[in-house]
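Just so we're aligned, residue 0 is where the sequence shown starts under numbering that gives the first Met the number 0, counting upward by one.
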Amino acid sequence: MIEWKKLENEVPEFKVPVVCQIQHWHTKGVKESVLWYVDESDHNWKVVDGNCELSHDWNVIGWRPLEAPVRNTDNLTLKPFDYIQVMPHDANIRELLAFGGYSGDDLEQELIYHMGGSEAMIGSIELCNIDYKYILKFSDGTYRMVDEMLFNMLFEQAVNLVPVAGGAK
Numbered sequence: 000m001i002e003w004k005k006l007e008n009e010v011p012e013f014k015v016p017v018v019c020q021i022q023h024w025h026t027k028g029v030k031e032s033v034l035w036y037v038d039e040s041d042h043n044w045k046v047v048d049g050n051c052e053l054s055h056d057w058n059v060i061g062w063r064p065l066e067a068p069v070r071n072t073d074n075l076t077l078k079p080f081d082y083i084q085v086m087p088h089d090a091n092i093r094e095l096l097a098f099g100g101y102s103g104d105d106l107e108q109e110l111i112y113h114m115g116g117s118e119a120m121i122g123s124i125e126l127c128n129i130d131y132k133y134i135l136k137f138s139d140g141t142y143r144m145v146d147e148m149l150f151n152m153l154f155e156q157a158v159n160l161v162p163v164a165g166g167a168k
């Protein structure tokens, strides 16, 4: 498991890219982004690609150095589930979010995020950063990239397994 450093304990060096855990203020959704720390007084962060400030909708809740070794394994154990529904990516995002427990205003806010409100999206096209993602190869030969949070929800953690850093290896 990758350990996240908390800002209360330690801040990264100024203008050195680090991987940050960021949390949306309204949905409480958490994702990762490569940022750099630019202002000690009020914890301002800039997005490395584009050099723009992190949106006020997001708060940095943890960080770790950008570099990490790559590990491969074919020994994954699925966590026990009562029920899993697998749907094609964005086949029916409203149905998928409702299945995930969103309703009412929360569902509408999450739809805005998934359909173009994210800084990782332009229109309905999701831009992708492969750093610190898990790449899963399925028995039919297809690949899927998942973030650390989703990976840890689905699988028992393999020993010494960390996400891909610096692109696929």
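Beta carbons: idealized from backbone N, C-alpha and C, even for Gly. Everything numeric in this text was worked out from a predicted model, so none of it was measured.
Could you give the DSSP three-state label for residue i: helix, strand or coil?
i, result
"Leu-110", "helix"
"Glu-31", "strand"
"Leu-153", "helix"
"Glu-2", "coil"
"Glu-147", "helix"
"Glu-94", "helix"
Please go through the same chain and pick out, in chain order, the residues whose beta-carbon is closer than 7 Å to the beta-carbon of residue i, but skip the five residues on each side of it.
i, result
"Thr-76", "Phe-154, Glu-155"
"Lys-30", "Ile-21, Asp-146"
"Met-152", "none"
So residue i is in the alpha helix (DSSP H); what residue range does that whole segment cover?
i, result
"Leu-135", "Segment 133–136 is the beta strand (DSSP E) holding Leu-135; no alpha helix (DSSP H) there."
Might you give, ordered along the chain, the residues of its own chain that have their beta carbon closer than 8 Å to the beta carbon of residue i, omitting 5 neighbours on each side?
i, result
"Thr-26", "Asp-105, Gln-108, Glu-109, Tyr-112"
"Gly-99", "none"
"Pro-16", "Val-33, Leu-34, Trp-35, Val-47, Leu-65"
"Glu-2", "Arg-63"
I'd like the span of the beta strand (DSSP E) that includes residue i, first residue to last.
i, result
"Tyr-82", "Taken as a continuous stretch (DSSP letters only), Tyr-82 belongs to no beta strand (DSSP E), as it is neither H nor E."
"Val-15", "Note, Val-15: premise wrong, no beta strand (DSSP E); not H, not E."
"Trp-62", "57–64"
"Trp-44", "43–46"
Can you list, in chain order, the residues of its chain with a C-beta nearer than 6 Å to that of residue i? Leave out the 5 residues immediately preceding and following it.
i, result
"Glu-143", "A small fix is needed here, since residue 143 is Arg in this sequence, not Glu. Taken in chain order, the residues that qualify are Leu-135."
"Trp-24", "Asp-56"
- request: Check whether the segment 5–22 touches the segment 54–63, counting contact only when three or more Cβ pairs, one atom from each stretch, lie closer than 8 Å.
  value: Yes, the segment 5–22 touches the segment 54–63.
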